[in-house]
Amino acid sequence: MANETKQTNKKLNILSLFDGISCAYLALNKAGVPVGNYYSSEIDKSALTIQNHHYHSNPNYIQLGDVTKLQVDNILDTDLVVFGSPCTQLSSVNSKDRSGLEGEDSSLFFEAIRILKELIYHQPKDKKLYFLMENVASMSSKDKNKITEELQAIFGDEVQILKINSSIVAPANRRRFYWTNIPNASEPKPNDTKFENILVNGYVDRDKANVLLSGNVTLTNGIFRHYKMNMGNVIFKDKSFAELPNQQKLTQYPKILEKSGYVGKPKSQESEYDFGNGCYRTPSVLEAERLMTIPDGYVSGVYGVSKSNKHKAIGLAMTVDVIAHLVSPLG
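Numbering (full-length UniProt numbering), first residue to last: 1 to 331.
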């Protein structure tokens, strides 16, 4: 099986659906997989601005736009399809709408299935098509089984499923299912990168950050949500405060907030690394990149995208080092 993926210098053509900020491209390059054409399907304006910043002069980086309008006629040379279809109605974070694959956003999974079927149908029978799909591990068993059935209907018993927490190679938790037919796919070997290792300043009270979402907790009372719901990430100004028991933190914080005079909006001269409320801050865009093993400056160094939209783009991304490991047999 191992020899099946050796490409003898052949460049692979990649189709990335719901491509976001092209973390699949970063991962392929990191894994040493030779890339020919990289077809990117994405419509989010902020993600496209980040894509254009990096790849506008790359003739082999081809933007295809809306996945629902994508036709395969001009991309039949695709060797690998990578996608993480929207998890909006699949994720346990969305308590208001758990309609799963029937949901407005998460049903876009079936567009990926359509495209895979069309590629298989139109490609030469001796051409191998690989795929890699990522989505949240908190989905229902019903949705997980449906995804597996749809993929097995195309790829048969080649389909493998892995459950990987990105914390094995990254300083943040991110539990995901991965479906693929890349031979020898496996969980990465763990490293000891910790949350504290990626900080510009401040202190934390855990080895691994919580999963990055499209937003974070507030700098007024967000610390209560952080501890009561285990959501968002906070970085403390003082080591002594970070080391306090959680309940003691929550007891002392209101007085610190009152003393700081913070009223919910940072002063114009404050940076992402200031502690305006006198106690804690949230990760900067640079630190969020590091939590997802995205290269420094890849998002934080792009002009024309707001800080909140940069955080959203990173929160919707794939963990680069996990994807790099999974695609490495193709190198």
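For glycine and all other residues, C-beta sits at the position ideal for the given N, C-alpha and C. If you're wondering where the values come from, they're calculated on a predicted model, not measured in any experiment.
Just to confirm before moving on: does the CB-CB distance between Thr49 and Val299 stay below 8 Å?
no
Measuring alpha carbon to alpha carbon, tell me which residue in Asn60, Asn197, Ser46 and Thr88 is nearest Tyr25.
Asn60
Closer than 7 Å: is that where the CB of Gly84 sits relative to any heavy atom of the ligand ZN?
Among the components modelled here there is no ligand, and therefore nothing to report on the ligand ZN.
Could you check the C-alpha separation between Asp321 and Pro295 for me, to the nearest Å?
11 Å
Between Gly222, Tyr55 and Lys30, which has its C-alpha nearest Tyr39's C-alpha?
Tyr55
Asn37 lies in the alpha helix (DSSP H); which residues open and close that run?
Here Asn37 belongs to no alpha helix (DSSP H); instead the beta strand (DSSP E) covers Val35 to Ser41.
Does DSSP put Phe177 in a helix, a strand or coil?
strand
Just mark Glu287 as buried or exposed, buried being the case when its beta carbon has 16 or more other beta carbons within 10 Å.
buried
Do the stretch 267-282 and the stretch 218-230 touch if we need at least three Cβ pairs shorter than 8 Å?
yes
Give the DSSP-derived three-state secondary structure of Asn3 in the structure shown.
For Asn3, the predicted model reports a pLDDT of 43, less than 50, meaning its position is unreliable and no value from the coordinates is stated.
Simplified DSSP state of Val136, which is helix, strand or coil
strand
Under a Cβ-count criterion, where at least 16 other Cβ atoms within 10 Å of its own Cβ denotes burial, should Asn197 be classed as buried or exposed?
exposed
Unbroken alpha helix (DSSP H) runs of length 4 or more, entirely within the stretch 76-159: which are they?
109-122 and 141-155
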